[in-house]
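Chains as they are written, first to last, in numbering that gives the first Met the number 0: chain A, 0 to 85; chain B, 0 to 199. For every residue, glycine included, the Cβ atom is placed at its ideal position computed from N, Cα and C. Just so you know, these numbers come straight off a predicted model, no measurement behind them. Working notes, structure below.
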Amino acid sequence: MSDDMPMLDCRSAMQQLWDYVDGELTAERMQAVERHLDACANCHPHAEFAERFLAALHQTREDRSCPQDVRAKVMASLRDAGMKVT
Amino acid sequence: MNDSVPPADARDVEFARDALPYMDDVYRFAYSLTRNAADADDLVQETYLRAFRSWHTFQPGSDARRWLFTICRNAFLRSREKLRHEVDVEDSDMETLVAVMNQGEMRKDGSDQLLSRVDLAPALTKALDELAEPFRSTVILVDVEDQSYDAASEVLGVPVGTVRSRLFRGRRQLQEKLRAYARDAGFASAGNPAQEPNDV
C-alpha cells in the first residue's frame, strides 16, 4: 500500500479488526488496518484489547490436556485394532 | 529378540509419528463438542480408531491435526445423529462492530484489567465450557487450536462466512461472561453505563 492511499475510517478499521488480529486479511488490507491503528488513538486500544483477549483465550490450552487414563485406553484400542507401534 | 511381536509396518510408524502427538488437541476439541469428560473420552478413542483404520486416505504432508478434528466432529455427529441445521447470522460486519463495542465497555468499566491476571485461564475455561454450540467448537478450533478460518470451515463443514459469524458471536459472549466475572471479582464498576466507542 502506498502512503498516499486514503486512510481507512474508524468504522472500516473496526469492521476488519477481528480478521486483522486473526491474520485473515490480504496483505494490503492488513497494512491498511495496521496503518489506521498506528495513527488512531481511539481504535488502537481496541486492537490491543483484542490481542490480549485472544492471548488469554489461547492460554486455556494449558488448562485441559488428555488424561493419562484416556491415553492408555486409546493406545489399547489401537493395539486391539492391529497397531504394532505403541 | 522376541519373535512373537511382529515388526511395525510403515503405516503404524507414520500414524504414531503424525497422528498420536495431537491427542491433547483432539481431546480438547472432543470435550468442546461433548461438554463432559466421559463422552470426550469415548469420542477421542473413536476418533483415533477411525483415523487408524482410514490412515491410508490421509494425504502425506497435509495437516494431520485438521484431519483428526474433522474425523472427531464427524464421529460426534454420527454418535448424536445430529443434523447440521444450525441457523447462523451472516452479517459478520455487524458482529464485529458489536464485539468491538463490548470491548469498549470492558475498557470503560475496568473489567479489561482482568486480562492481565495470571489466574484468568480457569475463568475463561469455565466460560468456554458454558458457551453454546455451535460457537464453542468454532472458538476452540480458531482461538485455542490455532486453526485458520479455512481450516475451521473444512472441519465444521460450513462456509467461511459462517465460521466468522460464529467466531465473532462466540467471542462476544465470552467477553460478556468475563465482564460478569470481573464484576463479581471486584475488577469492574457495575454502575458504569455501557458506552460505545466514539466513532464506531
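Are the C-beta atoms of residue i and some chain A residue less than 7 Å apart?
i	result
T161 (chain B)	no
Y180 (chain B)	no
D128 (chain B)	no
D11 (chain B)	yes
L48 (chain B)	yes
A15 (chain B)	yes
F75 (chain B)	no
I want to verify the contact list: residues of chain B whose CB lies under 7 Å from the CB of residue i, in sequence order.
i	result
D62 (chain A)	A120, P121 and T124
R70 (chain A)	M22
L36 (chain A)	Correct list: empty, because the minimum Cβ distance to chain B is about 12 Å.
Can you list, in chain order, the residues of its chain with a C-beta nearer than 8 Å to that of residue i? Leave out the 5 residues immediately preceding and following it.
i	result
F75 (chain B)	A29, L32, T33, L42 and K81
A49 (chain A)	L16, W17 and V20
L24 (chain A)	Q15, D18 and V32
Hey, is residue i's beta-carbon within less than 7 Å of any beta-carbon in chain B?
i	result
V32 (chain A)	no
L24 (chain A)	no
M29 (chain A)	no
S11 (chain A)	no
M6 (chain A)	no
V84 (chain A)	yes
A40 (chain A)	no
A80 (chain A)	yes
Along chain A, which residues have their Cβ under 7 Å away from the Cβ of residue i?
i	result
V143 (chain B)	L56, H57, T59 and R60
F28 (chain B)	Going along chain A, no residue has its Cβ under 7 Å from F28 (chain B), so there is no contact; the nearest lies around 10 Å.
V43 (chain B)	C65, V69 and V73
F51 (chain B)	L77, A80 and M82
Have a look at the options and flag the residue whose alpha-carbon is nearest the alpha-carbon of residue i.
i	options	result
K176 (chain B)	B:H55, B:A36, B:V154 and B:L119	B:L119
R200 (chain B)	B:A181, B:Y47 and B:S78	Residue 200 (chain B) falls outside the range modelled here, since chain B spans only 0 to 199, and no answer is possible.
K83 (chain A)	B:A15, B:L166 and B:V159	B:A15
D79 (chain A)	B:R49, B:D128 and B:A122	B:R49
R168 (chain B)	B:P158, B:V157 and B:A131	B:A131
A181 (chain B)	B:W66, B:A18, B:A122 and B:F134	B:A122
D62 (chain B)	B:A39, B:A151, B:T124 and B:A36	B:A151
M13 (chain A)	A:A46, A:A54 and A:P66	A:A46
P133 (chain B)	B:V162, B:A39 and B:E13	B:V162
What residues in its chain sit with their C-beta under 6 Å from that of residue i, if we drop five residues either side in the sequence?
i	result
F68 (chain B)	F28 and V154
V73 (chain A)	none
F52 (chain A)	none
C71 (chain B)	V25, F28, A29 and T46
Please list, in chain order, all residues of the same chain as residue i whose beta carbon is under 7 Å from its beta carbon, the five residues on each side excluded.
i	result
D8 (chain B)	none
What does residue i reach in chain A if we use C-beta pairs closer than 8 Å?
i	result
L174 (chain B)	Before going on, a small fix: residue 174 (chain B) reads as Gln here, not Leu. The answer, in chain order, is F52.
D8 (chain B)	K83
D62 (chain B)	None at all; the shortest Cβ gap to chain A is about 17 Å.
Counting only Cβ pairs nearer than 9 Å, list the residues of chain A close to residue i.
i	result
F167 (chain B)	W17
Taking one C-beta from the region 17-26 of chain B and one from the region 59-70 of chain A each time, how about it: are there three or more such pairs within less than 8 Å? Flag = yes, the region 17-26 of chain B and the region 59-70 of chain A touch.
Three or more C-beta pairs below 8 Å linking the region 142-150 of chain B and the region 50-58 of chain B: The region 142-150 of chain B, when compared against the region 50-58 of chain B, does not touch it at the 8 Å Cβ threshold.
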